[in-house]
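Number of protein chains: 2
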Amino acid sequence: MSQRNLTLLTDLYELTMMQGYFKEKDANETVIFDAFYRTNPGGNGYAICAGLEQVIEYIKDLHFEEDDVDYLRSTGLFGEDFLEYLRHFKFSGDIYAIPEGTVVFPREPLVKVIAPIMEAQLVETALLNIINHQSLIATKAARVVYAAGGDGVMEFGLRRAQGPDAGIYGARAAMIAGCIGTSNVLCGKMFGVPVKGTHAHSWIMSFPDELTAFRTYARLYPSACILLVDTYDTLKSGVPNAIKVFQEMKEAKIPLTFYGIRLDSGDLAYLSKKAKKMLDDAGFPDAVISASNDLDESLINSLKIQGAAINSWGVGTNLITSKDCPSFGGVYKLAAILDKKSGKFVPKIKLSENAEKITNPGNKCIKRIYSRETGKIIADLICLEGEKYDENNSLLLFDPIETWKKTHLAPNTYHLRDLMVPVFKDGKCVYESPAVMDIQAYCKKELDTLWDESRRLVNPHEVHVDLSNELWHMKNQLLDSYHFSE
Amino acid sequence: MSQRNLTLLTDLYELTMMQGYFKEKDANETVIFDAFYRTNPGGNGYAICAGLEQVIEYIKDLHFEEDDVDYLRSTGLFGEDFLEYLRHFKFSGDIYAIPEGTVVFPREPLVKVIAPIMEAQLVETALLNIINHQSLIATKAARVVYAAGGDGVMEFGLRRAQGPDAGIYGARAAMIAGCIGTSNVLCGKMFGVPVKGTHAHSWIMSFPDELTAFRTYARLYPSACILLVDTYDTLKSGVPNAIKVFQEMKEAKIPLTFYGIRLDSGDLAYLSKKAKKMLDDAGFPDAVISASNDLDESLINSLKIQGAAINSWGVGTNLITSKDCPSFGGVYKLAAILDKKSGKFVPKIKLSENAEKITNPGNKCIKRIYSRETGKIIADLICLEGEKYDENNSLLLFDPIETWKKTHLAPNTYHLRDLMVPVFKDGKCVYESPAVMDIQAYCKKELDTLWDESRRLVNPHEVHVDLSNELWHMKNQLLDSYHFSE
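Chain order of the listed sequences is A and B. If you're matching positions, the first sequence starts at 1 in my numbering and goes up one per residue. If you're matching positions, the second sequence starts at 1001 in my numbering and goes up one per residue.
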C-alpha cells in the first residue's frame, strides 16, 4: 500500500470541510473522532477488528504531492492559501486503537483520533475504508473457520475479490482470523503467510488425457499432491485415475506425505463419501479430501452434518466478498472538542430518532471485563478517560437503555483490561504492528475468551457493552439539553 | 494501478502449473483462453463490461522483479531453471476484448487470450479479478441510474468499499455506467471524472449551532450550497435553518444557482415531501432535495412510487459493494490448443453435469445482431473465427439447448457487428483506452440498444445468445466423444 500515494483517497467533502475550518475557524482546534460500528456483520456475535497496520501506513505516508495540489486547484473549489497549507500537511495528532485480531463489539471505538480538526477530518474516509474492509473479511473468515471445526480452511477468492486490494488485504484479514493459507501469492510475499494451491481444470485439459495430467503433476510435486478429479467425471474417471497415480507412487517408493483429491463441483456430500470409500478400499485412508465450489460457513456446516468425508476446505467468493453481508458499517463520529481556555474536552453528540444511532460523547476508553474463574469475557465497559477502577472493589454494570437490568460483580472475581493502545503520539507512530501470523495466534486466543454461545453461527448470545455511570450521565445530560419546539 | 507491481497478484496454482508446462511440455504451445460469465448479476437482464483499461496496464507491466523471484524461491516449490525463465518473462501473446461500457450477456467471451500456455495461465487470476470487479459495479450502477429515471446519481461509497482499489475502480465503473459524479477525490484525479460532495454531520457539530454552520458553509461555497439538515431535527431545525440561510443569500443578492438540502436519515418519503412544501412556501421551489442513507435501486424505485420529492441521489454502500450480489462470476476457460503440425486450433471443452457449465470450445468471436428498423439488439451469435456472414442473406438463429426454437431474419433487415476488438498483438498493445467520460457516453448509447423489457429491474426479458451452426456442431461432436463406462 505504501507504494501508492493514497492522500487523495478521501471524500471530496472532507477537503471542502477542511478548507472551511481553515478559513473560518481555529484550524488547530483539537477534536476527538471515534471510529466504531453499530451491528455485527452477518448476524455474528462479535467482530474481529483488522486493518490497523494499513491505517498506520496510510497515516505515516499522508502528504499532498505537487500534482495532488494541481488537481485540487483544477476543481476550482480551493483557494491558494488552503492549497499552500496542504502542501505542508502532515498528521500531527494522537491515535489510539484496538489491536488487530481482537474480538470487538458494536459501539466500541476501534480507533480514536485526537488531532487538529482539519487532520482528523481528512483521514475519516480512508481510515473507515481500510478498517471496514478488513474487519468485515476477518469476521467472515472467523465464521468459516469455526464451521470447519478444526479442518484447514484455505482462502481461494482472489479472482472474485472486489479489485486487487480486496484480494490482497482480504486474504490478510482471512489469515488473521485463522485460515491456514491463501492462494494469493502477492499476499504471501507481502505478509509472510503460507500460500497454497495445486492445479486447475486447464492443467488437466492441456494434456491428452486425465491420467497423463495427474502423473505429470505427481512427478513434479510429489510432496503436495492434491489432484483435481472433476474435469471429466469425478467417480468414473477422476478418482480412479488419482488412485492409479497414488499406487504408482507407492510402488516407486515415493513417500505419500501430503496427497489426496480436490472436488470442485457436483454433490460434495455424495461424491466425497463415495471417493472416500474408493480411496480407503485402495489402501489410501489418509488421503486428503479437499472441497471447493461456492462454499461458505452454512454449506460447510451442512456438509459436516451430512457426514461428508471432507477434511480440507477451499473457500473463495463467499469469504473474500463476505457475500451475505458485504459491508461493515463502521462510522467515524465527532465525540469532543477541546476547550482551549479550560483545557478540557467538551463532549459532542449526534442525535437521531433511532436511539441506536445516537453517539457516545466524550474522550472514551474501553475496559474489557473478564471472569477470573473462566477467563471468558463478562462484558465490555465504555468509560471516560481517567475513570478509576479497582478490581478489589465490586463493580456494578447496567444496561445503558434498560437501566434496571443490572449485574453486580464481586471484588476480585473479575479482571479489567484496557482495549485501546497508543498508536500515534504527536504525529509519531509509537506502535509496531505484529506479523500477520502472530496476529493470527493472538486472534485464536481472543476467540477463546468468548463463550461458545457467542460464537455459534445463528442467533449468538450478545455480549454486553455497557457505559460507565459517568459516561451514561454525561450522555443523558447532553440529550436533555436539546429541545425543539413542536 | 501501474505504480504497483502486480505480477504476483495471482493464485499459486498458476505458477505451479506454469512450472509444470515449463518442465513437462512445449512451453510455447499456443492456447486460447476465454474469460466469460454465466449469469447476469443481481437478476439483471444484461451486464456492462468494464475494467479493460486496468487489464491492459497489468499486462503491459507484467514482469518479475528480483525480489519476486527471491520470494518464489523461498517457497521451495520452484526450480532455478524456471525462476530464470520468470526473470525474463513478458507477455507475448494476442488479446481480444469487448470494449468497456458495452452491454454484454452470459457465455460471451469478454476477453480472449491467445498466447503461449504459460503466459495465458499466469494472467488468469488478475484478469478475472479486475474484470469481475468493475463489471459487477458498472452493472449495479446501471440499475441504480435506471431507477433514478433521469435524476442525478452520485457515487458516495468509498468508506464502505472493500479496500482502496474497490473504492477507486468501483467509482470508475459507476461513472462508466452513468453516475454523474463521485465523492472519491483520487478517482477524480486519476480518471478526470467529476467529484461531488458538501459536508458531514461533523461540520455542523463543530459549530456552536446549526445555523452558524449553515451560514459559514453558504459563505464559503455559495455556488454549490447543499446543506445537510438532519443533524439535530430535520423539520424543526434543519430545514428552517436552511431556508433562513437561503433567504439571507437572496437578500444579499448572492445568486442561488445550485442550492438545496440533503436528507441522510429518517423517512425519506415523508421528510422530502414536508421539506419540499416548506421550501416551496418560502419561495425556493428550485432547491435541490438530495437524499442518501443506504439507498439502492429498489429503494429509489419505491421512493419514486411514493412521490418522494427527491431529485438527486447519493448512493454509497449498496452500489460500491453491489450488496445484493457482491460477486460477478467471471471464469477463464481453456478453449483451444494450437496443433503445430496442422497450424489449426484443436478445440477443448470442459464437461459438467450441469449443461450451463459446459464451455464453448474453439477460437470464437461474437456477432451482435441489430434490427435495422429499431436499432435494438435482436440477439448475439457466438461464432467460430473466420465464419462468413452476409447481411444480404437471410440468417437462421436457433436456441443452443432447445434447438427447435428458431428465428429467421430476412435479408437486409438486420445489421451485424463484431463485439471483440484487438487489444494486444504479439505482446504489443494495439488499443487505446478511451477516457472514462467517453466510455460513459458510449455506454449510454449501448443501453439504448436494449428494449426496455431487458432493462427493467425485476424479471427482465433475456436477450438470446445463440451459437452459430458451425460452433454448435463442433461442440456437440466434442461432447459425444466423451464416454465413461457405468
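Glycine is no exception: its CB is placed at the ideal position from the N, C-alpha and C atoms. None of these values were measured; they are calculated from a predicted model.
- Query: Interface residues of chain A around leucine 1351/B at Cβ under 8 Å?
  - Reply: Numbered from its first residue, the second sequence carries residue 1351/B at position 351. Residues of chain A with a Cβ closer than 8 Å to the Cβ of leucine 1351/B are, in chain order, Thr231, Tyr232, Asp233.
- Task: Taking alanine 1166/B as the query, report the chain A residues whose CB atoms sit under 7 Å from its CB, ordered along the chain.
- Result: Walking along the second sequence from the start, residue 1166/B turns up at place 166. Neighbours of alanine 1166/B on chain A, chain order: Gln162, Gly163, Asp165, Ala166.
- Item | Under 9 Å by beta carbon: chain B residues contacting methionine 249/A | Taking the first sequence and counting its residues from 1, one reaches residue 249/A at position 249. What methionine 249/A touches in chain B: nothing, since even the nearest Cβ is about 16 Å away.
- Message: Contact between the stretch 302-313 of chain A and the stretch 330-340 of chain A is defined here as three or more beta-carbon pairs at a separation below 8 Å; is this criterion met?
- Response: Two segments are said to touch when three or more pairs of C-beta atoms, one from each, lie closer than 8 Å; by this definition the stretch 302-313 of chain A does not touch the stretch 330-340 of chain A.
- Amino acids of chain A, ordered along the chain, whose beta-carbon sits closer than 9 Å to that of asparagine 1129/B: Indexing the second sequence from 1 puts residue 1129/B at position 129. Proximity of chain A to asparagine 1129/B at the Cβ level (cut-off 9 Å) is accounted for by Leu158, Arg159, Arg160, Ala161, Gln162, Gly163, Pro164, Ala166, Gly167, in chain order.
- Check whether the stretch 1053-1071 of chain B touches the stretch 1371-1380 of chain B, taking contact to mean three or more Cβ pairs, one atom from each stretch, closer than 8 Å. Too few Cβ pairs lie closer than 8 Å, so no.
- Contacts around glycine 178/A, its chain only, beta-carbon distance under 6 Å, and the 5 residues preceding and following it disregarded: Your numbering for residue 178/A matches position 178 in the first sequence. Within the same chain, glycine 178/A has close Cβ partners Val145.
- Task: Check each residue of the stretch 1185-1212 of chain B: if its Cβ is closer than 7 Å to any Cβ of chain A, include it; give the result in chain order.
- Result: So the list reads Val1185, Leu1186, Lys1189, Val1195, Lys1196, Gly1197, Thr1198, His1199, Ala1200, His1201, Ser1202, Trp1203, Met1205, Ser1206, given in the order they occur along the chain.
- Task: Please confirm if serine 2/A has its CB atom under 8 Å from at least one CB of chain B.
- Result: Against the first sequence, residue 2/A aligns to sequence position 2. Confidence at serine 2/A is low in this model, with a pLDDT of 47, below 50, so the placement of that residue should be treated as unreliable; the coordinate-derived value is given next. Judged by the 8 Å Cβ criterion, serine 2/A is not in contact with chain B.
- Query: Listed from N- to C-terminal order along the chain, which residues in the stretch 311-326 of chain A have their beta-carbon within a distance smaller than 7 Å of any beta-carbon of chain B?
  - Reply: Residues Thr317, Thr321, Lys323, Pro326.
- Item | leucine 158/A, DSSP secondary structure in three states | Counting from 1 along the first sequence, the entry for residue 158/A is found at position 158. Under the three-state reduction of DSSP output, leucine 158/A falls in the helix class.
- Query: Roughly how many angstroms lie between the CA atoms of leucine 122/A and alanine 97/A, to the nearest whole one?
  - Reply: Translated into positions along the first sequence, residue 122/A becomes position 122. Translated into positions along the first sequence, residue 97/A becomes position 97. Taking the straight line joining both Cα atoms gives about 18 Å.
- Item | Cutoff 8 Å: asparagine 40/A Cβ touching any chain B Cβ | The residue given as residue 40/A occupies position 40 in the first sequence. By this cut-off, asparagine 40/A is not an interface position.
- Can you tell me the Cα-Cα spacing of alanine 504/A and histidine 1408/B, whole angstroms? Chain A is shown only over 1 to 486; residue 504/A falls outside these bounds and no answer can be derived.
- Taking any Cβ of chain A, which residues in the stretch 1273-1304 of chain B have a Cβ under 7 Å from it, in chain order? If the cut-off is 7 Å between Cβ atoms, the stretch 1273-1304 of chain B has nothing near chain A.
- Message: Please return the same chain residues whose Cβ sits closer than 6 Å to the Cβ of glutamine 1134/B, not counting the five positions on each side in sequence.
- Response: Position 134 of the second sequence, counting from 1, holds the residue named residue 1134/B. Cβ-Cβ distances below 6 Å link glutamine 1134/B to Ala1050, Gly1051, Tyr1169, Ala1173 in the same chain, with the five nearest sequence neighbours on each side left out; the list follows chain order.
- Chain-ordered chain B contacts of tyrosine 37/A [CB-CB under 8 Å]: Here residue 37/A corresponds to residue number 37 of the first sequence, with the count starting at 1. Near tyrosine 37/A there are no residues of chain B at all, since even the closest Cβ is about 11 Å away, more than 8 Å.
- Task: Within the same chain, show all residues whose beta-carbon is closer than 8 Å to that of tryptophan 313/A, passing over the 5 residues directly before and after it, in chain order.
- Result: Against the first sequence, residue 313/A aligns to sequence position 313. Excluding positions up to five away in sequence, the list reads Val144, Ala148, Asp151, Gly152, Val153, Met154, Ser290, Ala291, Ser292, Leu295, Ile300.
- On the premise that tyrosine 232/A lies in contact with leucine 1351/B, defined as a C-beta separation below 8 Å, what is that separation, rounded to the nearest angstrom? Here residue 1351/B refers to the residue found at position 351 when the second sequence is read from its first residue. Here residue 232/A refers to the residue found at position 232 when the first sequence is read from its first residue. That belief holds up - the Cβ atoms of leucine 1351/B and tyrosine 232/A are roughly 6 Å apart, short of 8 Å.
- Taking the alpha-carbon positions, what's the cysteine 1516/B to lysine 189/A distance? Since the first and last residues shown for chain B are 1001 and 1486, residue 1516/B lies out of range.
- Is the Cβ of aspartate 11/A closer than 8 Å to any Cβ of chain B? Mapped onto the first sequence, residue 11/A falls at position 11. Cβ-Cβ to chain B under 8 Å: yes for aspartate 11/A.
- Beta-carbon contacts of threonine 1102/B that lie in its chain and below 6 Å, excluding the five residues immediately before and after: For the purposes of this step, residue 1102/B is identified with residue 102 of the second sequence, where counting begins at 1. The beta carbon of threonine 1102/B sits closer than 6 Å to those of Cys1049, Glu1446, all from its chain and outside the five residues before and after it, given in chain order.
- Query: Going along chain B in order, which residues have a C-beta closer than 8 Å to the C-beta of glutamine 19/A?
  - Reply: Translated into the one-based positions of the first sequence, residue 19/A becomes position 19. What glutamine 19/A touches in chain B: Leu1220.
- Query: How about glutamate 1024/B: is its C-beta nearer than 8 Å to some C-beta of chain A?
  - Reply: Within the second sequence, the letter at position 24 stands for residue 1024/B. Using a Cβ-Cβ cut-off of 8 Å, glutamate 1024/B counts as an interface residue toward chain A, since at least one Cβ of chain A sits closer than that to its own.
- Item | Interfacial residues, the stretch 1110-1126 of chain B to chain A, with Cβ spacing under 9 Å | Sequence-ordered contacts of the stretch 1110-1126 of chain B with chain A read Ile1117, Ala1120, Gln1121, Glu1124, Thr1125, Ala1126 [C-beta pairs closer than 9 Å].
- Query: Got a sec? Which residues, its chain only, sit under 8 Å from leucine 494/A by beta carbon, not counting five neighbours each side?
  - Reply: What the structure shows of chain A is the stretch from 1 to 486, and residue 494/A is not part of that stretch, so it cannot be assessed.
- Which class does valine 104/A belong to by DSSP, given the choice of helix, strand or coil? Mapped onto the first sequence, residue 104/A falls at position 104. If DSSP states are grouped into helix, strand and coil, valine 104/A belongs with the strands.
- Hey, out of Leu263/A, Met278/A, Arg262/A, whose CA is closest to glutamine 247/A's CA? The residue labelled residue 247/A in the question sits at position 247 within the first sequence. Answer by Cα proximity: Met278/A.
- Interface residues of chain B around glycine 170/A at Cβ under 9 Å? Position 170 of the first sequence, counted from the start, is the residue given in the question as residue 170/A. Those within 9 Å of glycine 170/A in chain B are Gln1162, Gly1163.
- Name the residue from Ser1394/B, Ser1481/B, His1201/B whose alpha carbon lies nearest to the alpha carbon of tyrosine 1414/B. What you label residue 1414/B is simply residue 414 of the second sequence in a count that begins at 1. Ranking the options by Cα distance to tyrosine 1414/B, first place goes to Ser1394/B.
- Please name the residue in Ser237/A, Asp67/A, Ala142/A, Thr39/A whose C-alpha comes closest to that of arginine 455/A. For this step, residue 455/A is matched to residue 455 along the first sequence. Minimum Cα distance to arginine 455/A is reached at Ala142/A.
- Under 8 Å, do valine 465/A and proline 41/A count as touching if we go by C-beta distance? On the first sequence, residue 465/A is found 465 positions in, with the first residue counted as 1. On the first sequence, residue 41/A is found 41 positions in, with the first residue counted as 1. No, the pair does not count as a contact, with Cβ atoms beyond the cut-off.
- Query: Between threonine 1413/B and chain A, is there a C-beta pair that is closer than 8 Å?
  - Reply: Counting from one through the second sequence, the residue named residue 1413/B turns up at place 413. Not closer than 8 Å to any Cβ of chain A, the Cβ of threonine 1413/B fails to qualify, so no.
- Message: If contacts are defined as beta-carbon pairs under 8 Å, then isoleucine 117/A and serine 1206/B qualify, I think. What distance do you get, rounded to the angstrom?
- Response: The residue given as residue 117/A occupies position 117 in the first sequence. The residue given as residue 1206/B occupies position 206 in the second sequence. Isoleucine 117/A to serine 1206/B, Cβ: 6 Å. Contact.
- Could you list which residues in chain B have their beta carbon closer than 7 Å to that of asparagine 132/A, in chain order? Taking the first residue of the first sequence as 1, we reach residue 132/A at position 132. Listed along the chain, the chain B residues whose CB falls inside 7 Å of the CB of asparagine 132/A are Arg1159, Arg1160.
- Message: the ligand MG and lysine 405/A: does the residue's C-beta get closer than 7 Å to at least one heavy atom of that ligand?
- Response: In the structure shown, the ligand MG is absent, as is every other ligand, since no ligand is present at all.
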